[in-house]
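S.K.: Numbering (the UniProt record's numbering), first residue to last: 1 to 255.
The beta-carbon is built from N, C-alpha and C at its ideal position, and this holds for glycine as well.
Only a predicted model underlies this, so the values are computations on that prediction, with no experimental measurement involved.
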Amino acid sequence: MSPEIMTPSMTQERGRKPVLLILHQEQSTPGRLGRLFLERGHPIDIRRPRFGDPLPETMQDHAGAVIFGGPMSANDGDDFVRREIDWIQVPLREERPFLGLCLGAQMLAKCLGATVCAHPEGRAEIGYYPLLPTEAGRAFAGEIGQPWPSHVYHWHREGFTCPAGADTLATGDDFPTQAIRVGPAAFGFQFHPEVTHAMICRWTVRAAERLRLPGAQDRARQIEGRLMHDGRVVAWLDAFLDHWLAGAGRPQGAA
1 MSPEIMTPSM TQERGRKPVL LILHQEQSTP GRLGRLFLER GHPIDIRRPR FGDPLPETMQ
61 DHAGAVIFGG PMSANDGDDF VRREIDWIQV PLREERPFLG LCLGAQMLAK CLGATVCAHP
121 EGRAEIGYYP LLPTEAGRAF AGEIGQPWPS HVYHWHREGF TCPAGADTLA TGDDFPTQAI
181 RVGPAAFGFQ FHPEVTHAMI CRWTVRAAER LRLPGAQDRA RQIEGRLMHD GRVVAWLDAF
241 LDHWLAGAGR PQGAA
């Protein structure tokens, strides 16, 4: 079995709490995030609510939680979508580390009353696109000691508005809200820092029809983009995860 999909029963080194990873398809993996959590001594607890897995009532037994992407929409009426969106209140209420990636970020925004919708001209972001940190985002880069990557990987047709009370950390062109922070320890990223070369190859073959959407990059350009930009994404992600697992700093308003 690949270390990307190991579970808490398979590794308990250093006695650290597992990280809860919420996936949406039967064959989905957490990409490089699974390996990075394991390298830091955290087992990974993979759950798929879409297929009946329960979600914990408290985060006391987990170091943090990540909701990943998927082909569904945060606006869908499926029970598991609504349950995941409602469940996000658990880490928010307990101020425990939470990270939403792509669909997961849109679920976070939806949970807080923001809008999730398609681009008005039907454009998509599929491939590597510029990431533009805001003033708050530049301050956060100083907090973690690592600048944001200039380009990040996307695979989406919907975006979200920044919810009231959240900070926009980075913006983009077609989809202005790219990264948000909510409270001391919750983050939503419209992009996919977890993506591996194998994942890009798989996605661009299995969902090749999406590469014809307005704004999407072809497969060759995506692989070229990875060669150009992935090193900076890895350096940033390493610094971000260390900060995130530490509780993302002191609670807002702390002295």
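For the beta strand (DSSP E) holding proline 130, just list the boundary residues, first then last.
M.R.: Start at 1 with the first residue of the sequence shown, and residue 130 comes out as number 130. It spans 125-130 - the beta strand (DSSP E) in which proline 130 sits, taken as one unbroken run.
S.K.: In whole angstroms, what separates the C-alpha of serine 150 from that of phenylalanine 98?
M.R.: Residue 150 sits at position 150 when you count from the first residue of the sequence shown. Residue 98 sits at position 98 when you count from the first residue of the sequence shown. Cα to Cα, the separation comes out at about 24 Å.
S.K.: How would you write the range of the alpha helix (DSSP H) that glycine 142 sits in, first residue to last?
M.R.: As a working mapping, residue 142 is identified with position 142 in the sequence shown. Unbroken alpha helix (DSSP H) run through glycine 142: 135-144.
S.K.: Assign leucine 227 to buried or exposed, taking buried as 16 or more other Cβ atoms, counted over all protein chains shown, within 10 Å of its Cβ.
M.R.: As a position in the sequence shown, residue 227 is number 227, starting the count at 1. Answer is exposed; the Cβ neighbour count stays below 16.
S.K.: Quick one: measure Cβ to Cβ for alanine 141 and proline 130, integer angstroms, because I've assumed they're closer than 8 Å.
M.R.: Along the sequence shown, read from residue 1 onward, the residue named residue 141 stands at position 141. Along the sequence shown, read from residue 1 onward, the residue named residue 130 stands at position 130. At roughly 15 Å, the Cβ-Cβ gap does not stay under 8 Å, so alanine 141 and proline 130 are not in contact.
S.K.: Just to confirm the assignment, what range does the beta strand (DSSP E) spanning aspartate 167 have?
M.R.: Taking the first residue of the sequence shown as 1, we reach residue 167 at position 167. Note, aspartate 167: beta strand (DSSP E), 167-171.
S.K.: Would you check if the distance between the CB atom of glutamate 209 and the CB atom of aspartate 174 is smaller than 8 Å?
M.R.: Position 209 of the sequence shown, counted from the start, is the residue given in the question as residue 209. Position 174 of the sequence shown, counted from the start, is the residue given in the question as residue 174. No; because the gap between Cβ atoms is not below 8 Å, this pair is not in contact.
S.K.: When you compare only the Cα positions, how much space is there between alanine 255 and arginine 212?
M.R.: Here residue 255 is taken as the residue at index 255 of the sequence shown, counted from 1. Here residue 212 is taken as the residue at index 212 of the sequence shown, counted from 1. Any reading at alanine 255 is ruled out, since the residue's pLDDT is 30, under 50, leaving its predicted position unreliable.
S.K.: When the Cα atoms are used, what is the spatial distance from alanine 198 to leucine 112?
M.R.: As a first step, residue 198 must be located in the sequence shown, where it is residue number 198. As a first step, residue 112 must be located in the sequence shown, where it is residue number 112. If you take the alpha carbons of alanine 198 and leucine 112, they lie about 34 Å apart.
S.K.: Which whole-angstrom value describes the C-beta separation of glycine 188 and leucine 108, a residue pair presumed to lie in contact below a C-beta threshold of 8 Å?
M.R.: The sequence position of residue 188 within the sequence shown is 188, counting from 1. The sequence position of residue 108 within the sequence shown is 108, counting from 1. The Cβ separation is near 4 Å, so the contact holds.
S.K.: Put cysteine 117 into one of helix, strand or coil per three-state DSSP.
M.R.: On the sequence shown, residue 117 is found 117 positions in, with the first residue counted as 1. If DSSP states are grouped into helix, strand and coil, cysteine 117 belongs with the strands.
S.K.: Could you tell me the distance, in whole angstroms, from the CA atom of arginine 181 to the CA atom of alanine 118?
M.R.: Within the sequence shown, numbered from 1, the residue matching residue 181 stands at position 181. Within the sequence shown, numbered from 1, the residue matching residue 118 stands at position 118. C-alpha separation (whole angstroms): 22 Å.
S.K.: Considering only DSSP beta bridges, list what residue 256 is partnered with.
M.R.: Lying before the first or after the last residue shown, residue 256 is absent from the chain, which here runs from 1 to 255.
S.K.: By the DSSP assignment, the beta strand (DSSP E) with valine 182 in it spans what residues?
M.R.: Locating residue 182 in the sequence shown gives position 182, counting from the first residue. 179-182 is the extent of the beta strand (DSSP E) around valine 182.
S.K.: Does the distance from the CB of residue 281 to the CB of tyrosine 128 come in under 8 Å?
M.R.: A query on residue 281 cannot be resolved here, the shown segment of the chain reaching from 1 to 255 and no further.
S.K.: Give the secondary structure of residue 332 by DSSP, where H, G and I count as helix, E and B as strand, and everything else as coil.
M.R.: Residue 332 cannot be examined here, being either before or after the span of the chain that is shown, 1 to 255.
S.K.: Where does aspartate 45 sit, in a helix, a strand or coil, going by DSSP?
M.R.: Stepping through the sequence shown from its first residue, residue 45 is reached at position 45. Reduced to three states, the DSSP call for aspartate 45 is strand.
S.K.: Near glutamine 222, what residues of its chain come up, given a Cβ to Cβ distance below 7 Å and the 5 sequence neighbours on each side ignored?
M.R.: Within the sequence shown, the letter at position 222 stands for residue 222. Cβ within range, chain order: Gly127, Tyr128, Ile200, Thr204.
S.K.: From which residue to which residue does the beta strand (DSSP E) around isoleucine 67 run?
M.R.: Taking the first residue of the sequence shown as position 1, residue 67 is located at position 67. Note, isoleucine 67: beta strand (DSSP E), 64-67.
S.K.: According to DSSP, what are the bridge partners of phenylalanine 160?
M.R.: For the purposes of this step, residue 160 is taken as the residue at position 160 of the sequence shown. In the DSSP output, where bridge partners are listed per residue, phenylalanine 160 has Val116.
S.K.: With H, G and I counted as helix, E and B as strand and the rest as coil, what does DSSP make of isoleucine 223?
M.R.: The residue given as residue 223 occupies position 223 in the sequence shown. Reduced to three states, the DSSP call for isoleucine 223 is helix.
S.K.: Output needed for glutamine 146: all residues of its chain with C-beta closer than 7 Å, excluding positions within five of it in sequence on either side, in chain order.
M.R.: As a first step, residue 146 must be located in the sequence shown, where it is residue number 146. If we look at glutamine 146 and ignore the five residues flanking it on each side, its Cβ neighbours are Ala235, Trp236, Ala239.
S.K.: Looking only at C-alpha atoms, which of His243, Ile22, Ala164 sits nearest to phenylalanine 80?
M.R.: Counted from its first residue, the sequence shown places residue 80 at position 80. Looking at the Cα atoms, Ile22 is the closest of the given residues.
S.K.: Do the CB positions of arginine 123 and proline 184 come within less than 8 Å of each other?
M.R.: Residue mapping note: residue 123 aligns to position 123 of the sequence shown, counting from 1. Residue mapping note: residue 184 aligns to position 184 of the sequence shown, counting from 1. No.
S.K.: For alanine 51, count neighbouring C-beta atoms within 10 Å of its own C-beta (all shown protein chains included) and say buried if the count is 16 or more, exposed if not.
M.R.: Against the sequence shown, residue 51 aligns to sequence position 51. Reading off the sequence shown, one finds phenylalanine at residue 51, where the question assumed alanine. Exposed is the call here.
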